[in-house]
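Quick note, the sequence shown lines up with residues 1 to 334 if you use UniProt numbering.
Beta carbons are placed, not taken as given, at the ideal position from N, Cα and C, and that holds for glycine.
The structure appears right after this line, and notes come after that.
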Amino acid sequence: MVKFAPLSVPWERRLQTFVVLQWIFSFVVLAQICIAVFIGLLFTRFWIFSVLYAVWWYVDQAKPWQRGRQSDVLRHWVIWRYMKDYFPISLVKTAYLDPSRNYLAGFHPHGILATGAFTNLCTESTGFSSLFPGIRPHLMMLNLWFWSPFFRDYIMSGGLVPVDKESAAHILSRKEGGNLMAIIVGGVQEALDARPGAYKLVLRNRKGFIRLALTHGAALVPIFSFGENDIFKQVENSRGSWVRWFQDRLQKIIRVSIPLFYGCGVFQDSFGLMPYRRPITTVVGKPIEVQKTPHPSQEEVDRLHQRYMQELENLFEAHKLKYNVPRDQHLEIC
Numbered sequence: 001m002v003k004f005a006p007l008s009v010p011w012e013r014r015l016q017t018f019v020v021l022q023w024i025f026s027f028v029v030l031a032q033i034c035i036a037v038f039i040g041l042l043f044t045r046f047w048i049f050s051v052l053y054a055v056w057w058y059v060d061q062a063k064p065w066q067r068g069r070q071s072d073v074l075r076h077w078v079i080w081r082y083m084k085d086y087f088p089i090s091l092v093k094t095a096y097l098d099p100s101r102n103y104l105a106g107f108h109p110h111g112i113l114a115t116g117a118f119t120n121l122c123t124e125s126t127g128f129s130s131l132f133p134g135i136r137p138h139l140m141m142l143n144l145w146f147w148s149p150f151f152r153d154y155i156m157s158g159g160l161v162p163v164d165k166e167s168a169a170h171i172l173s174r175k176e177g178g179n180l181m182a183i184i185v186g187g188v189q190e191a192l193d194a195r196p197g198a199y200k201l202v203l204r205n206r207k208g209f210i211r212l213a214l215t216h217g218a219a220l221v222p223i224f225s226f227g228e229n230d231i232f233k234q235v236e237n238s239r240g241s242w243v244r245w246f247q248d249r250l251q252k253i254i255r256v257s258i259p260l261f262y263g264c265g266v267f268q269d270s271f272g273l274m275p276y277r278r279p280i281t282t283v284v285g286k287p288i289e290v291q292k293t294p295h296p297s298q299e300e301v302d303r304l305h306q307r308y309m310q311e312l313e314n315l316f317e318a319h320k321l322k323y324n325v326p327r328d329q330h331l332e333i334c
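As structure tokens, then:
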């Protein structure tokens, strides 16, 4: 039975719902709409706008791979406070980050839409700059989104950059330091296992970020976001099922996973694409010192990768009871 929200719902709560709805819209269909608008304008009397943007795009095409173009104004938009309060989302600092250093952070888990990663690292709603003064965060995102007109400029303004070696090198090699580049290590594959109560990470064979840290001498920072998997449910897609087979095949073709997720509705709590109001607490762990090794061997990569996994497990175990994770629940790293 569908239960509708009462008319007496406070405006504060309604604003929270609206902001989260627009954010989901932005990262689900806005890129496609921007492409359609760009092409559509060419067949109207406003064709000049698309032509001018195309010229700008050509001149500016390398910018996403050169740290992007962060906007402090956008990061401080008041709307992000409403998004943070919807769940709510909070950021926890466990160690000092030296602003004269560069850091490579592994963010876990991906969740369905990486809500905690975006809110904590691409906005100031949870006070990242206050907790880590002098550190500028960057969050890596699939390259294909940076080929969408207009949308590319929007995501760059929040600190999003393409997930590839060129982009990483431009950030991690800056001698003045003060940069934190975050990679959602499990990526789109991990999103297919994101459901309430799940703590399954795709990490055991993900070693590219370890090699990057060694190459540039960037300290590794494990980050775990408690509650990230609790805000949406997924259609049953266990390995071996036809649903999972279809999702895996689609991922290989278009390099994007499509989780069949659902939550609550805008005006009712029974079904919809709105996330459930569940707390998300993102804990930033202690940096792991990394010796710069321009050409690391596989043995060096494996050794540091093993240490990173151990530090991540230690971070999870040290904080899980605070955030309602059962004592007998442990990370499942695959």
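{"Item": "Bridge partner(s) assigned by DSSP for residue 335", "Value": "Absent from the structure is residue 335, since the part of the chain shown begins at 1 and ends at 334."}
{"Item": "CA-to-CA distance, W11 to D164, given in whole angstroms", "Value": "42 angstroms"}
{"Item": "Rounded separation between I112 and S90 - CA only", "Value": "18 angstroms"}
{"Item": "Close Cβ partners of H170 (< 8 angstroms) along its chain, the five nearest in sequence each way excluded", "Value": "W65, Q66 and R67"}
{"Item": "Assigned exposure category for D328 - 16 Cβ within 10 Å defines buried", "Value": "exposed"}
{"Item": "Under the three-state DSSP convention, the category P133 falls into", "Value": "coil"}
{"Item": "Cβ pair count under 8 angstroms reaching 3, the stretch 217-231 against the stretch 315-329", "Value": "yes"}
{"Item": "DSSP-derived helix/strand/coil call for V202", "Value": "coil"}
{"Item": "Top-ranked residue by Cα proximity to M140, from S148, Y154 and L160", "Value": "L160"}
{"Item": "Continuous alpha helix (DSSP H) stretch holding H82: start and end", "Value": "It should be pointed out that residue 82 corresponds to Tyr in this sequence rather than to His. That run of the alpha helix (DSSP H) goes I79 to Y86."}
{"Item": "Assigned secondary structure, V256 (DSSP; H/G/I helix, E/B strand, else coil)", "Value": "coil"}
{"Item": "The stretch 268-282 / the stretch 81-89 touching (three or more Cβ pairs under 8 angstroms)", "Value": "yes"}
{"Item": "Endpoints, alpha helix (DSSP H) assigned at M309", "Value": "Q298 to H319"}
{"Item": "Three CB pairs or more closer than 8 angstroms across the stretch 188-206 and the stretch 230-244", "Value": "yes"}
{"Item": "Sequence-distant residues of its chain with Cβ nearer than 7 angstroms to E190 (five each side left out)", "Value": "P109, H110, L201 and V202"}
{"Item": "Contact check, R174 vs N237, beta carbons under 8 angstroms", "Value": "no"}
{"Item": "C-alpha distance - I253 paired with L30, whole-angstrom precision", "Value": "22 angstroms"}
{"Item": "Cβ neighbours of R136 in the same chain (closer than 8 angstroms, five flanking residues each side left out)", "Value": "Q70, G159, G178, N179 and L180"}
{"Item": "Runs of beta strand (DSSP E) wholly within the stretch 137-162 (minimum 3 residues, chain order)", "Value": "160-162"}
{"Item": "Supposed close pair A117, A36 - CB separation, criterion 8 angstroms", "Value": "Not a contact, Cβ separation roughly 27 angstroms."}
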